[in-house]
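Chains as they are written, first to last, in my numbering: chain A, 144 to 374; chain B, 2 to 343.
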């Protein structure tokens, strides 16, 4: 028990002292995950919206495919992307392996299906009467689509937050494509795994605390925004 | 002037024809009630009139011009007609923003928008809710807000799908008064669906009755599900299981126990003040009197509401008043079994 408490106390001191190594790791994690989330949202939201709202042929097949991709393990994505960007891969000349860009690519592939699938669910839940109401009030096709998008905004925001949570806590892609290089591609999860291997729990626990705080913070902000808009 | 002209119009979903209208004209500036049982095609017809849907076959003309499939043309037409749903849905914004929506789309400038929003809110008596969230309003208020949202756009035609079906009595009266005001003061053509025959009789100048997707009458609303009871003398036609009218002759095509639909011509019903003195008369109570051109519309409650149209001479001879007991006689030629489509 004392070991557990000692680790937490030491971790707390590390966070309190704004430890440079800790904050470099957090900064790398946040920058990679935020960029991946933004790129994936830019692709996944329109894709999901189009599938849910438009009269797309093969809609059911696309939704099944998206749902299947949700279960794709991070190591499988890491492996496939590795085959493309390694020296012998077709993207080898771009020299992306063990860079933050490689991690972003892998993470985008991981969460585009997640954002798209959750956007499909969010937009499908929007009452059909919104579309009819917008049309009868004189809205054109784009204006009608925007109304439906606006009414599904909280579901879509929840999709983006879930996706961010997925990438900031994943380890397979970061390890295989980033290489866990100190100060460059070392993220919270890869650092925690390394510290665990070394038997040094203090930094690992400190990073775990930061990770949970980030997750909590994002959900609190989302709930506040949702509550204010829903009042 | 005819605003809408429907000729040999059908709407089918797959092989199922849900609406088949040979001829229907809707005149500008009038108020129409669209009656019929559930599944009769009322909402389908409203969607067609609102240009939200297209007929499968036949022609639909608006202001004398045929309505085509061109998207731009249909959008322009949609901006002249507003449909208010039975359960209207509000955008998740403020009351004022909901009303502003259609005005913004029409690129009305901000000052004019604010004026129109205020005027619409005052018309429906919701001005104190201007800044409130639209989703916080009650059912009746939501229905009035939906009307305000439509009125702000000053439409040529206002279509209402059962506007008073899901609101309390107080709001029903407010909405009915509002529809009458919009029709008389602004000259807006109004078509509303209803199951309430009394409301239809009191509000609308014309009544359109749909039965299994077909137009069965455009001048009256005496349409009932019926069964024949031959065990009594004289035999009786039981309307909606609630009123039995004595028959002078058996209608052709209806077997005892079998359920059919009957239409009763309101101009051929005999009306006499006082309790029945003959076995072929049926007692009732007058619930509504309305002048309708050269005729007087008398709505009589005999267990179901029956509309009787009297010319002024016949009316003067009897002078029925609201609340009076009257006797109705149904001649054989007043009854016709409806022949809905299969």
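We put the CB at the ideal spot given by N, CA and C, even for glycine.
- Judged by beta-carbon spacing, residue 307(B) lies beyond the 9 Å limit of residue 330(B), meaning their Cβ atoms are not closer than that value.
- The residues 19, 20, 211, 214, in chain order, have a CB closer than 6 Å to that of residue 42(B) in the same chain once the five nearest residues on each side in sequence are set aside.
- When rounded, the separation of the alpha-carbon atoms in residue 108(B) and residue 77(B) is 14 Å.
- Interface with chain B (9 Å Cβ-Cβ cutoff): residue 279(A) is included.
- Taking 9 Å as the cut-off, the Cβ atoms of residue 103(B) and residue 153(B) count as close.
- Sixteen is the threshold: when 16 or more other Cβ atoms of the shown chains lie within 10 Å of the Cβ of residue 206(A), as they do, the residue is buried.
- Looking at the backbone, the Cα of residue 271(B) and that of residue 282(B) are separated by about 9 Å.
- Residue 288(B) and residue 302(B) do touch by the CB rule: their CB atoms are close to 5 Å apart, below 8 Å.
- The beta carbon of residue 82(B) falls within 9 Å of a beta carbon belonging to chain A, placing the residue at that interface.
- For residue 150(B), the chain A residues whose Cβ falls inside 9 Å of its Cβ are 276, 280, in order along the chain.
- The region 301-333 of chain A contains no complete alpha helix (DSSP H) run of 4 or more residues.
- Residues of the same chain with their beta carbon placed closer than 7 Å to that of residue 106(B) are lacking, with the five preceding and five following residues left out of the count.
- With a cut-off of 8 Å on Cβ pairs, the region 315-334 of chain A is in contact with the region 229-249 of chain A, counting three or more such pairs.
- Under the Cβ distance rule, residue 102(B) counts among the residues neighbouring chain A, one pair being separated by less than 9 Å.
- Taken atom to atom, the span from the alpha-carbon of residue 72(B) to that of residue 56(B) is near 15 Å.
- The Cβ atoms of residue 51(B) and residue 79(B) sit closer than 9 Å to each other.
- Among the residues of chain A, those whose CB is under 9 Å from the CB of residue 86(B) are 272, 275, 276, 279, following chain order.
- Looking only at 277(B), 26(B), 297(B), the smallest Cα-Cα distance to residue 313(B) is reached by 297(B).
- The three-state secondary structure of residue 5(B), taken from DSSP, is strand.
- Closest in alpha carbon position to residue 304(B), among 151(B), 252(B), 198(B), is 198(B).
- By the rule that beta-carbons nearer than 9 Å mark a contact, residue 298(A) does not touch chain B.
- Out of 85(B), 81(B), 82(B), 118(B), the CA that lies nearest to the CA of residue 99(B) is found in 118(B).
- Per DSSP, the continuous beta strand (DSSP E) segment holding residue 330(B) begins and ends at 326-331.
- By the neighbour-count criterion, in which 16 or more other beta carbons inside 10 Å mark a residue as buried, residue 362(A) falls on the exposed side.
- Classified as buried, residue 5(B) has 16 or more neighbouring CB atoms from the shown chains inside 10 Å of its CB.
- Taking the C-beta atoms as reference points, residue 162(A) is found nearer than 9 Å to residue 349(A).
- Residue contact check for residue 290(A) against chain B: a CB pair falls below 9 Å.
- For the region 93-119 of chain B, the set of positions with a beta-carbon nearer than 8 Å to some beta-carbon of chain A reads 93, 102, 103, 106, 107 in chain order.
- Listed in chain order, the positions of the region 25-36 of chain B with a beta carbon within less than 9 Å of a beta carbon of chain A would be empty, since no residue qualifies.
- At a cut-off of 9 Å between C-beta atoms, residue 283(A) counts as an interface residue with respect to chain B.
- For a Cβ distance threshold of 7 Å, nothing in chain A lies close to residue 198(B): the least Cβ distance comes to about 27 Å.
- For residue 286(A), the chain B residues whose C-beta falls within less than 7 Å of its own C-beta are 106, listed in chain order.
- Within a 10 Å sphere around the beta-carbon of residue 341(A) sit fewer than 16 other beta-carbons, which makes this residue exposed.
- DSSP places residue 196(B) in the coil class of the three-state scheme, outside both helix and strand.
- Note on the region 231-256 of chain B: whole beta strand (DSSP E) runs with a minimum of 3 residues are 237-240, 244-247, in chain order.
- Distances from the alpha-carbon of residue 3(B) to those of 257(B), 65(B), 33(B), 266(B) put 65(B) closest.
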